[in-house]
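What follows is a single structure, written as structure tokens, with notes after it.
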Amino acid sequence: MKTHLVRLGLASFAVLLAITTTTAQSEKPLTNDDILRMIAAGFSEATIIKAIEAKKTAFDTSLEALVVLKNAGVSEAIIQAMVDAAGKAAGAAEATAKQNGAASNPPPDSNDPLSPHDPGIYWLPKEKRDKRMVQLEPSVYSQGKTGGMFASAMTYGIAKAKWKAVVRGARSNLRISEERPEFWFYFEQKTSGLSYSGSFFGGASSPNEFILAKMNSKKKDRELIVGEFGAYGSSTGTRSKDIVEFEFQKIAPGIYKVVPSSPLAPGEYCFFYAGTNMAMGTAGGKLFDFGIDPAR
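Quick note: this note's numbering has the sequence shown finishing at residue 314, numbered continuously throughout.
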């Protein structure tokens, strides 16, 4: 009897050693068949569970495979350990796949105009030493104010009074020393950004819906005439002499390159959506301003 038990113990140890050695040498994970072999060799439930927890696994935990294990006499505790190990293995595989995906797809270069950008208008400097894309931040213009009212009154409305949109500050924070700066427009193709219908852009999807205008700089603010009225009628909108023509090229869906058609003289400028209600009496809105300084 004692000899039989010794032989059984040695056989069990040989099976466990063979499984452990094979796993260590070839990184072969434990399978359902390995568990059945360990049970047939007489391993205890605790030993089998510890082996499951310590080794890599590749268990089949489909319904059919679990039924086979149950019919073969595998305990509920061992089956539960196998299911848990299969879940951990799947999670580890998913995490590895994400890491590999992140490594193969580096983050986009924010200074490359062809890379994805947040929706908006950007200036791309031409000088290589400062090849850094700069986003134009929107500025708020206040409720329009009138100008030339006295002259209009003295001439009984023959001289037109003007309605102006006013931006605080005599100079824009963004200074550009280029006569024909290169701008890039990025439109969101879904439900936000430049094309967001709920924003002050009113659903714009192309630079063709924007106006580039030259502003009149004062001591404390900048002005843009957006309407005129007098005895013989009124007109709204930017004056033609303040509008600056520009050319644009569609680079990709939602991405456009915009360049002024002619050199810009030093001064204050802005882009604004043509659909913005800048008519007389409106409460204000937003625009994208920049200043042109003499070339260095």
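Beta carbons are placed, not taken as given, at the ideal position from N, Cα and C, and that holds for glycine.
Counted within 10 angstroms of its Cβ, other Cβ atoms place residue i as buried (16 or more) or exposed
{"i": "T65", "result": "exposed"}
{"i": "L230", "result": "buried"}
{"i": "P137", "result": "buried"}
{"i": "L132", "result": "exposed"}
{"i": "G109", "result": "exposed"}
{"i": "N191", "result": "exposed"}
{"i": "E82", "result": "exposed"}
{"i": "G105", "result": "exposed"}
{"i": "E286", "result": "buried"}
{"i": "A95", "result": "exposed"}
{"i": "N92", "result": "The residue you asked about is not Asn; residue 92 is Val in the sequence shown. With 16 or more Cβ atoms within 10 Å of its Cβ, V92 is classed as buried."}
{"i": "I139", "result": "buried"}
{"i": "S157", "result": "buried"}
{"i": "G272", "result": "buried"}
{"i": "A222", "result": "buried"}
{"i": "I269", "result": "exposed"}
6 Å CB neighbourhood of residue i in its chain, flanking five on each side removed
{"i": "P199", "result": "W141"}
{"i": "F31", "result": "Caution applies to F31, whose pLDDT of 49 falls short of 50 and renders its modelled position unreliable; the model cannot decide the point."}
{"i": "E241", "result": "K182, V184, N234"}
{"i": "R186", "result": "D239"}
Residues sharing a beta bridge with residue i, DSSP
{"i": "G293", "result": "Answer is none; G293 lacks a bridge partner."}
{"i": "V92", "result": "Beta-bridge pairing links V92 to no other residue."}
{"i": "F61", "result": "Looking at the DSSP assignment, F61 forms no beta bridge with any residue, so it has no partner."}
{"i": "Q153", "result": "Y140"}
{"i": "F308", "result": "Y287"}
{"i": "M233", "result": "E286"}
{"i": "T75", "result": "L48"}
{"i": "D239", "result": "R186"}
{"i": "S160", "result": "V184"}
{"i": "F266", "result": "V276"}
{"i": "E200", "result": "L142"}
Selected residue, minimal CA-CA separation from residue i, among the options
{"i": "Y274", "options": "P281, S280, E265, L282", "result": "E265"}
{"i": "S195", "options": "K74, F308, G138, H135", "result": "F308"}
{"i": "P225", "options": "L81, S157, E63, V277", "result": "V277"}
{"i": "L282", "options": "G272, E112, K232", "result": "K232"}
{"i": "E197", "options": "S223, T79, V262, K88", "result": "V262"}
{"i": "V244", "options": "I67, K180, A72", "result": "K180"}
{"i": "L305", "options": "S160, E206, E145, I269", "result": "S160"}
{"i": "S279", "options": "I67, F201, S80, T256", "result": "F201"}
{"i": "Q153", "options": "E112, Y204, E145, A107", "result": "Y204"}
{"i": "K73", "options": "A107, Q267, S80", "result": "A107"}
Same chain, Cβ closer than 8 Å to residue i, five either side skipped, listed in chain order
{"i": "A90", "result": "L54, I57"}
{"i": "N129", "result": "K149, R150, M151"}
{"i": "R314", "result": "S195"}
{"i": "T256", "result": "I229, A231, L242, I243, V244, M296"}
Same chain only: Cβ atoms within 7 Å of residue i, ignoring 5 sequence neighbours per side
{"i": "I70", "result": "L48, A99, M100, A103"}
{"i": "P143", "result": "K149, R150"}
{"i": "P284", "result": "I310, D311, P312"}
{"i": "P126", "result": "S133, P134"}
{"i": "K236", "result": "A188"}
{"i": "I84", "result": "In the sequence as presented, Ile is not what sits at residue 84; that position holds Leu. I97."}
{"i": "N50", "result": "F77, D78, A83, L87"}
{"i": "R193", "result": "G309, D311"}
{"i": "K238", "result": "A188"}
{"i": "E227", "result": "Y291, A292, G293"}
{"i": "S217", "result": "Reliability of the predicted coordinates at S217 is poor, the pLDDT of 49 falling under 50, and no value is obtained from them."}
{"i": "E63", "result": "S93, A95, I96"}
{"i": "I67", "result": "A95, I96, A99"}
Closer than 8 Å: residue i CB and nearest the ligand NAP heavy atom
{"i": "D311", "result": "Ligands displayed in this structure: none; no statement on the ligand NAP is therefore possible."}
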